[in-house]
Amino acid sequence: MASSKSVYIRVKNFEHKEEFYSLAVNVPGEDDVFEIRRGRRGSIPILTPIKGASNIPMEGGFAAVNNTVYCIGGEPVKRPKVFGHHRSLPTLFSLDNTSRSWKRRPSMRTARSRPQTVAVDGKIYVISGADYGRDPATVWGEVFDTKSGKLGSLSPPSPLPEEYALFAVAVPDFNKFVLGSYECKFLYLFEAEESRWEPLDHNMAEKIPPNLQPVGVGTFLIWFRGCTLHAYDWSGRCSYMGSIRDLDKVLPHESLMELEDSQDYPPLLHLSGNLFCLICLEDLPFRQKISLLHCVTFHISQAENGMLKAAVKCSQAYVIQTPYSICGAVLLK
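So this is what it looks like as structure tokens:
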């Protein structure tokens with residue numbers, strides 16, 4: 001039987017301000033069958049921004065633990081008009097899904113902008129993003145315990161990874177997370193219980209580019225780029241790739257072509273088991289400033305001989321004021 005899960009997305013509008021939206025994503029049961037078609041029946045839900053976010057910093061980290069969303073660090077909403085001026089913030093805010101109210105939490109020890117954030121076992125690990133000129137080894141990372149509300153330091157791995165195009169991916173099945181970067185020859189596996197780093201050699205056939213956030217399932221990293229689904233098994237050191245069958249029945253040709261060329265990658269979320277959700281935009285012709293936000297649920301049925309087999313299970317659309325870009329998405333458990 002189909003169920004649903006709550007997803008929060010963060011977007012940047014054409015005034016270069018950030019907005020937050022909440023929506024429900026279908027999680028079909030194994031035997032559920034849905035008609036996959038471009039035509040739409042009935043009304044389409046309209047998304048409206050969550051109120052009270054006008055003071056939440058821009059370019060912060062974005063994470064979710066249980067029923068709460070966290071925005072970590074960032075830059076002032078009202079930025080100085082001096083060219084090249086950059087100032088990060090140490091602030092931490094939470095948004096409760098039930099009350100829809102923002103709450104300021106204890107500030108981090110180090111101000112950060114665009115940090116990598118990953119949630120494992122009730123703790124949020126905040127990595128990199130400190131202002132230029134700071135010693136990376138001393139301000140590299142910290143951890144926020146959402147249960148106690150306390151912050152602690154996070155020691156970096158050795159050798160210190162390149163900060164360019166860092167990504168951090170939770171591996172919930174093993175209470176760990178994987179850290180990597182575009183330039184680094186290692187992946188780093190962090191053991192949350194022992195607070196220990198383990199370097200992993202890798203031979204990924206496809207590098208993960210800047211601004212792309214993979215998801216972790218078992219020992220697999222999975223990401224979507226240029227209309228192609230990619231996966232890497234960091235345990236078996238094998239790469240896979242393939243297309244998502246019937247994606248062209250959900251998104252028009254023009255939107256698929258934009259996915260091929262764009263470096264604004266659509267967020268990918270792991271729903272459960274072999275089910276995933278891809279969040280894509282479709283511009284509506286003759287409709288200024290209005291788009292459709294598609295939540296495409298698909299399943300991966302096979303990863304073998306370097307090939308992935310995946311197909312759309314269902315899709316739903318929402319009307320949204322056209323954003324400049326989607327900055328991120330998190331799934332509430």
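Under the UniProt record's numbering, the first residue of the sequence shown carries the number 1, and numbering increases by one thereafter.
Just so it is clear, CB atoms sit at the ideal spot from N, CA and C, and this is done for glycine as well.
Would DSSP call L259 helix, strand or coil?
DSSP, read as helix, strand or coil, puts L259 in helix.
With the cut-off set at 8 Å, would you say E75 and S113 are in Cβ contact?
In this structure, E75 sits near S113, with a CB-CB distance shorter than 8 Å.
Tell me whether the beta-carbon of L212 lies closer than 8 Å to the beta-carbon of Y125.
Inclusion of L212 and Y125 in the CB contact set at 8 Å is not warranted, their separation being larger than that value.
When you compare only the Cα positions, how much space is there between P157 and P136?
The alpha-carbon separation between P157 and P136 amounts to approximately 12 Å.
Cβ neighbour criterion (16 or more within 10 Å) applied to R225:
Counting every other CB atom within 10 Å of its CB across the protein chains shown gives R225 a total of 16 or more, marking it as buried.
Just curious, the beta strand (DSSP E) that F298 is in, first and last residue?
Taken as a continuous stretch (DSSP letters only), the beta strand (DSSP E) holding F298 covers I290 to E304.
Would K333 and N97 qualify as a contact pair, given that the criterion is a beta-carbon distance under 8 Å?
Going by C-beta atoms, K333 is not nearer than 8 Å to N97.
Does DSSP put P76 in a helix, a strand or coil?
Residue state, collapsed to three classes: coil.
Just checking my contact of C314 with P28 at CB under 8 Å: how many whole Å lie between their CB atoms?
Confirmed, about 5 Å.
Below 8 Å between beta carbons: does that hold for P199 and F186?
It is a contact, given that the beta carbons lie within the stated cut-off.
Near D121, what residues of its chain come up, given a Cβ to Cβ distance below 7 Å and the 5 sequence neighbours on each side ignored?
Cβ neighbours of D121 beyond the five flanking positions: N175 and A192.
Per DSSP, what kind of secondary structure is residue 337 in: helix, strand or coil?
No answer is possible for residue 337: the residues shown for the chain start at 1 and end at 333.
Beta-carbon separation (whole angstroms), A329 vs I9, contact threshold 8 Å
Going by Cβ atoms, the distance from A329 to I9 rounds to 5 Å, so yes, they are a contact pair.
Just curious, the beta strand (DSSP E) that K185 is in, first and last residue?
Looking at the DSSP string, K185 is not in any beta strand (DSSP E), and its letter there is neither H nor E.
Among A317, F298 and T146, which residue has its Cα nearest to the Cα of L308?
Closest option to L308, Cα to Cα, is F298.
What does DSSP give as the partner residue(s) for C71 in the beta ladder?
Looking at the DSSP assignment, C71 forms a beta bridge with F62 and F93.
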